[in-house]
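Colleague: Here the numbering used here is used: the first residue of the sequence shown is 2, the next is one more, and so on.
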Amino acid sequence: MVSDESKALRHAFFAERAASKVRGLDEKTAQRKIASVAVIGAGTMGGGIAMNFANAGIPVTLLDARQEALDRGLAGIRKNYEGAVAKGKMKPDEATKRAALITPAMDFAAAKNADLVIEAVFEDLAVKKDVFKRLDAVMKRGAILATNTSTLDVDRIAAFTKRPGDVLGLHFFSPANIMRLLEVVRAKKTRPDVLATAMAVARKIGKTAVVSGVCDGFIGNRMINAYSQQALLMLEEGASPQQVDKAIEKFGFAMGPFRMSDLAGNDISWHIRKRHYAEHPKQRPMRIADRVCELGRFGQKTGLGWYRYEAGKRDALPDPVVDEIIAEERKALKITPRKIPDAEIIDRLLYALVNEGARILEEGIAQRASDIDVVYLTGYGFPVHRGGPMFHASRIGLKSVLRRMKEFAANPHAGPAFWKPAKLLVKLAAEGLSFDDASDKGSMKKKGGRRG
Ligand SMILES: NC(=O)c1ccc[n+]([C@@H]2O[C@H](COP(=O)([O-])OP(=O)(O)OC[C@H]3O[C@@H](n4cnc5c(N)ncnc54)[C@H](O)[C@@H]3O)[C@@H](O)[C@H]2O)c1
Numbered sequence: 002m003v004s005d006e007s008k009a010l011r012h013a014f015f016a017e018r019a020a021s022k023v024r025g026l027d028e029k030t031a032q033r034k035i036a037s038v039a040v041i042g043a044g045t046m047g048g049g050i051a052m053n054f055a056n057a058g059i060p061v062t063l064l065d066a067r068q069e070a071l072d073r074g075l076a077g078i079r080k081n082y083e084g085a086v087a088k089g090k091m092k093p094d095e096a097t098k099r100a101a102l103i104t105p106a107m108d109f110a111a112a113k114n115a116d117l118v119i120e121a122v123f124e125d126l127a128v129k130k131d132v133f134k135r136l137d138a139v140m141k142r143g144a145i146l147a148t149n150t151s152t153l154d155v156d157r158i159a160a161f162t163k164r165p166g167d168v169l170g171l172h173f174f175s176p177a178n179i180m181r182l183l184e185v186v187r188a189k190k191t192r193p194d195v196l197a198t199a200m201a202v203a204r205k206i207g208k209t210a211v212v213s214g215v216c217d218g219f220i221g222n223r224m225i226n227a228y229s230q231q232a233l234l235m236l237e238e239g240a241s242p243q244q245v246d247k248a249i250e251k252f253g254f255a256m257g258p259f260r261m262s263d264l265a266g267n268d269i270s271w272h273i274r275k276r277h278y279a280e281h282p283k284q285r286p287m288r289i290a291d292r293v294c295e296l297g298r299f300g301q302k303t304g305l306g307w308y309r310y311e312a313g314k315r316d317a318l319p320d321p322v323v324d325e326i327i328a329e330e331r332k333a334l335k336i337t338p339r340k341i342p343d344a345e346i347i348d349r350l351l352y353a354l355v356n357e358g359a360r361i362l363e364e365g366i367a368q369r370a371s372d373i374d375v376v377y378l379t380g381y382g383f384p385v386h387r388g389g390p391m392f393h394a395s396r397i398g399l400k401s402v403l404r405r406m407k408e409f410a411a412n413p414h415a416g417p418a419f420w421k422p423a424k425l426l427v428k429l430a431a432e433g434l435s436f437d438d439a440s441d442k443g444s445m446k447k448k449g450g451r452r453g
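The following block contains the structure:
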């Protein structure tokens, strides 16, 4: 009862319950009926998203613009169900029943009667615009239009339609049929009944939903971007991908940043980095990561990434090619490598998450600190017995966290500007409070309010 692990587990339990309570909604908020769904795009995400609904007994139309993509998507779904049967996890007739609930299509008219449509096409605003204009033209009145975008502006996507109140983000995580987290992105004009319906649908398909406001990367990916930046800066300073991964895995993460990137596909973060370089011309390029990608080392799917992988195996093996790139870039930056202690690696990664999390909280993107913890516990492999990044920071004490961040800011290679503390973090630390004392928009609860 008194151990930190026990407190963290209880926090995680209550945090999940709290996440289902949404500002502006109550039990009187109307909900729309969702009896059929359409998914646009049968790629990596679309197939998994469709399976969620079939698994819950809800018929789904799976649509793609290209026949071969549709065939590949359907074959993937079939393989997945066959695998479950082979492992004895599902009866054959159950697998057949579920697969039969998924109807392939290539014409948008096939989606028109769905109560909910989820777009999962390429991450390109022009493509999304085209799809949302078409959906706006064909979907029946009252249908909910959702986007699975990871980084694009959901307000802009909503504005492509004449019914922005019916649009929101449903950000699934890969593999979408397995991962429990669903970020429900509330755009400026999303109607309360649309949001309430999305939360109920999430429950129905067994997801843990967390509401996020609109920003680049929403809650989870915006924070992981800060975390990855520190990981890359540490490579420049003297750490190896293996050392960074091992240190944070020892802390309890399911996977360190480099193994995770190899699994997700290094091309995804490269694509995002290139956009960031264009949007922020003063930002220094992360040359090591860019060079790894320029070699086509996209991770497990190409057999090479931050590590190398032998055919049919998932073991991450160190690769001298990557070590050489790192050494060359250190030389170009005139950095004499130093041995970075594991404790510093862990704190830099965690406090990068915490500081960005504090900003997300003060901007009102997350409703409460515990929602951020739920995102990390259910979507990013954060160790449950540590309760999530915000809980962990509060347990360490926000004053100590700030002190440590000041140390990092004094190191020119750690990115002094990066370590500018969030206003909310400074304010809470000064008042001896924790993240649980801050509710949305960074406002404070009265001192002495409920904690934990
Ligand atoms: N891959 C991930 O890990 C991940 C995780 C969360 C969210 N997302 C987001 O999900 C979306 C899809 O990503 P993905 O990885 O599944 O991509 P993908 O490239 O695997 O699949 C996209 C599919 O969309 C189809 N498509 C493209 N334009 C179309 C159109 N106009 N009409 C119909 N179909 C069209 C393509 O043929 C392709 O099959 C993106 O917005 C991405 O940011 C991806």
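Glycine included, each C-beta is placed from N, C-alpha and C at the ideal position.
Please read all numbers here as calculations on a predicted model, not as lab measurements.
Entirely within the region 117-146 and at least 4 residues each: give me those alpha helix (DSSP H) ranges in chain order.
Modeller: Within the region 117-146, the complete alpha helix (DSSP H) runs of at least 4 residues are 126-139.
Colleague: Bridge partners of ALA210, per DSSP?
Modeller: Paired residues: LEU183.
Colleague: Between which two residues does the alpha helix (DSSP H) containing PHE252 stretch?
Modeller: 242-252 is the span of the alpha helix (DSSP H), which, as asked, contains PHE252.
Colleague: Alpha carbon to alpha carbon, how far is ARG288 from LEU169?
Modeller: Cα to Cα, the separation comes out at about 35 Å.
Colleague: Give the list of continuous alpha helix (DSSP H) stretches no shorter than 4 residues that lie fully inside the region 254-310.
Modeller: You should have 258-265, 267-280, 288-295.
Colleague: For the beta strand (DSSP E) holding PHE173, just list the boundary residues, first then last.
Modeller: 168-173 is the extent of the beta strand (DSSP E) around PHE173.
Colleague: Near VAL139, what residues of its chain come up, given a Cβ to Cβ distance below 8 Å and the 5 sequence neighbours on each side ignored?
Modeller: Cβ neighbours of VAL139 beyond the five flanking positions: PHE109, ALA110, ALA112, LYS113.
Colleague: Go ahead and label MET52 buried or exposed: buried means 16 or more other beta carbons lie within 10 angstroms of its beta carbon, across all protein chains shown.
Modeller: Buried is the call here.
Colleague: Measure the beta-carbon distance from ILE347 to ILE225 and round it to whole angstroms, keeping in mind my assumption that it falls under 8 Å.
Modeller: Going by Cβ atoms, the distance from ILE347 to ILE225 rounds to 16 Å, so no, they are not a contact pair.
Colleague: Hey, how far is the Cα of GLY443 from the Cα of VAL212?
Modeller: Interpretation of GLY443 is limited by its pLDDT of 46, a score under 50 that renders its predicted location unreliable; the figure taken from the coordinates is listed afterwards. Using only the alpha carbons, I get a separation of about 16 Å.
Colleague: So, helix, strand or coil for PRO413, using DSSP?
Modeller: Residue state, collapsed to three classes: helix.
Colleague: Using the three-state DSSP reduction, which class does ALA76 fall into: helix, strand or coil?
Modeller: Of the three classes helix, strand and coil, the one that applies to ALA76 here is helix, per DSSP.
Colleague: Kindly indicate which three-state DSSP category ALA57 falls into: helix, strand or coil?
Modeller: Note: ALA57 maps to coil in three-state DSSP.
Colleague: According to DSSP, is PRO342 helix, strand or coil?
Modeller: PRO342: coil per DSSP, three-state reduction.
Colleague: For GLY44, verify whether its CB is less than 7 Å away from any heavy atom of ligand 1.
Modeller: Answer for GLY44: yes, Cβ within range of ligand 1.
Colleague: State the Cα-Cα distance for the pair GLY388 and ARG67, rounded to the nearest angstrom.
Modeller: Cα to Cα, the separation comes out at about 44 Å.
Colleague: Measure from the alpha carbon of THR191 to the alpha carbon of each residue in VAL132, THR209, ILE158, VAL355, then state which is nearest.
Modeller: Answer by Cα proximity: ILE158.
Colleague: Can you tell me whether VAL402 is helix, strand or coil according to DSSP?
Modeller: Of the three classes helix, strand and coil, the one that applies to VAL402 here is helix, per DSSP.
Colleague: So ALA415 and PHE409 are in contact, right, with Cβ under 8 Å, and what is the actual spacing, rounded?
Modeller: Yes, they are in contact, since the Cβ atoms of ALA415 and PHE409 sit about 5 Å apart, within 8 Å.
Colleague: Using C-beta distances below 6 Å, list every residue in its chain close to LEU196, excluding the 5 sequence neighbours before and after it, in chain order.
Modeller: Excluding positions up to five away in sequence, the list reads ARG187.
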